[in-house]
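The next block holds one structure in the form of structure tokens; read it before the comments.
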């Protein structure tokens, strides 16, 4: 006869729950039962647990958004991550179609009862099929929370089966893509009032990040945006590193980029901005003033039209990323890396300078992982005239301290100019002479244990943007695929 205690859960007919702590105390006449209502305390503790779980799920989803370069694969993986790690019954993503029927196209789904979505007439118009949470979220651009799934209008068969499967509440989160509400993320839970407070705010932030990620992904796929090339190089470097399956600490990950003539777009947009001033200068020309007025107006119009047709448009979408000195910061922002980021500029030796700084930072312990390499984001006429004989492309490498062994500050040379595809190079065991010019470009004196001027080529799984020479033994590194922009 000892005291005992248990937590008892009561579920009402409407699905609401209450918790009571029952304490059993033996007395001479029998057992004394003390009941204490702990519903508020238990609900607060459960809310904290749910918020922590949802926060972890949201972080994992942001990793997916940064790592995927295919929209369909991203959305499928994200729905799976939301349902499984978030502890939800079902998650699906739909995209708004612009036709007269305003249909919602199902793009991805995962979870209990996902097959029930087949054949549903989902729309975001004003008719009955558009009155559900998904349609209202797209139409109004607002988050729609349904406390009781079975009380939502439309799709009676779906609602009946959803309740049978244990669905109690739902949230529809609008996805803003390229400045407009173009889709919806719908999530269903087994609990009533699951989507409120901190949990709802976390999911709203996730929807915003997903919309931004889809905007960037579609821009890259269309070839838009001045930072598309370097974004792709960094993404593929991380893929070859093993990210996201191979974890890394974002707070200890750096981005160091060598820029070789990558800022020409900045000058192109500046030329477009100043075009009206050039026309004013032309109008003040004495020779030009001797032409008939109609001819002057036609010439000025043709000149302005030609400039605008040849040079990039300047707007809020085209400006970010066009400056060469923010390439590293842009990449760090896309992948949410919080370590150091900066750009090196040493013409054709820029990639070498970036890699040298990357290795030094790893050796000194400034960060644990670094994305480093060289980029050439434009191949304009001015770039070609400056480096007529140089064949430059974009390529990056992801390095981790656990992969590297350090041999002193004179351990590495990178050659970036006049590169050929790896398929045309000799085998990994072959050696090649380093010219005096290339040797002089090394930021540190060469103190090789091998014969001076001899380097070992490191073979890579894909075409590489640079060749590395390591003394006396190459570190184990992962080299990204590389590519060149279309001429």
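Residue numbers (the working numbering): 252 to 738.
From the three backbone atoms N, C-alpha and C, an ideal C-beta is built for every residue, glycine too.
Checklist entry - Alpha carbon to alpha carbon, what distance is there between residue 505 and residue 601? => result Across the structure, residue 601 and residue 505 are spaced so that their CA atoms are roughly 17 Å apart.
Checklist entry - Of the choices 592, 433, 598, whose alpha-carbon is the least far from that of residue 608? => result 592
Item to check | Nearest neighbour of residue 436, chosen from 289, 343, 536, 307 [CA to CA] | outcome: 343
Item to check | Expected contact under 8 Å - CB spacing of residue 272 and residue 290 to nearest Å | outcome: Wrong, their Cβ atoms sit about 10 Å apart, outside the cutoff.
Next on the checklist: Quick check on DSSP: helix, strand or coil for residue 439?
Outcome noted: DSSP places residue 439 in strand when its eight states are reduced to three.
Checklist entry - When the distance is taken between beta carbons, is residue 491 closer than 9 Å to residue 582? => result With contacts defined by Cβ atoms closer than 9 Å, residue 582 and residue 491 do not form a contacting pair.
Item to check | Nearest-angstrom Cα separation, counted from residue 534 out to residue 460 | outcome: In this structure, the straight-line span from the alpha carbon of residue 460 to that of residue 534 is close to 49 Å.
Checklist entry - With respect to the alpha helix (DSSP H) encompassing residue 585, which residues constitute its N-terminal and C-terminal limits? => result Annotation: the continuous alpha helix (DSSP H) that includes residue 585 extends over 578 to 586.
Next on the checklist: Classify residue 525: buried if its beta carbon has 16 or more other beta carbons within 10 angstroms, exposed otherwise.
Outcome noted: exposed
Checklist entry - DSSP state of residue 363, grouped into three classes? => result coil
Checklist entry - What residue ranges within the segment 496 to 553 form continuous beta strand (DSSP E) runs of no fewer than 3 residues, ordered along the chain? => result 504 to 510
Checklist entry - Where does the unbroken beta strand (DSSP E) through residue 374 begin, and where does it stop? => result That residue, residue 374, is in no beta strand (DSSP E); it is neither H nor E in DSSP.
Next on the checklist: Please tell me whether residue 359 and residue 315 are closer than 9 Å, where the distance is taken between their beta carbons.
Outcome noted: no
Item to check | CA-to-CA distance, residue 614 to residue 494, given in whole angstroms | outcome: 22 Å
Checklist entry - If you draw a straight line from the alpha carbon of residue 457 to that of residue 309, how long is it in whole angstroms? => result 6 Å
Checklist entry - What's the C-alpha gap between residue 518 and residue 565? => result 12 Å
Item to check | Exposure of residue 350, with buried meaning 16 or more beta-carbon neighbours within 10 Å | outcome: exposed
Next on the checklist: Alpha carbons only, please: which of 545, 606, 616, 463 is nearest the one belonging to residue 590?
Outcome noted: 616
Checklist entry - Are the CB atoms of residue 367 and residue 355 nearer to each other than 9 Å? => result no
Checklist entry - Leaving out the 5 sequence neighbours to the left and right, which residues in its chain are closer than 8 Å to residue 412 when beta-carbon positions are compared? => result The answer, listed in chain order, is 364, 367.
Checklist entry - Given a threshold of 16 other Cβ atoms within 10 Å of its Cβ, counted over all protein chains shown, does residue 768 qualify as buried or as exposed? => result In the structure as shown, the chain begins at 252 and stops at 738. Residue 768 is therefore absent and cannot be evaluated.
Checklist entry - Is DSSP giving residue 325 helix, strand or coil here? => result helix
Next on the checklist: Under DSSP, the beta strand (DSSP E) around residue 204 begins and ends at which residues?
Outcome noted: There is no way to answer for residue 204, as the model of the chain reaches only from 252 to 738.
Checklist entry - So, residue 577 versus residue 523, is the Cβ gap smaller than 9 Å? => result Taking 9 Å as the Cβ cut-off, residue 577 and residue 523 do not qualify as a contacting pair.
Checklist entry - Secondary structure at residue 623, three-state DSSP: helix, strand or coil? => result Residue 623: strand per DSSP, three-state reduction.
Item to check | Identified DSSP bridge partners for residue 744 | outcome: The chain is shown only over 252 to 738; residue 744 falls outside these bounds and no answer can be derived.
Checklist entry - With 16 other CB atoms within 10 Å as the buried threshold, where does residue 740 fall? => result Because the chain here runs from 252 to 738, residue 740 falls outside it and cannot be looked at.
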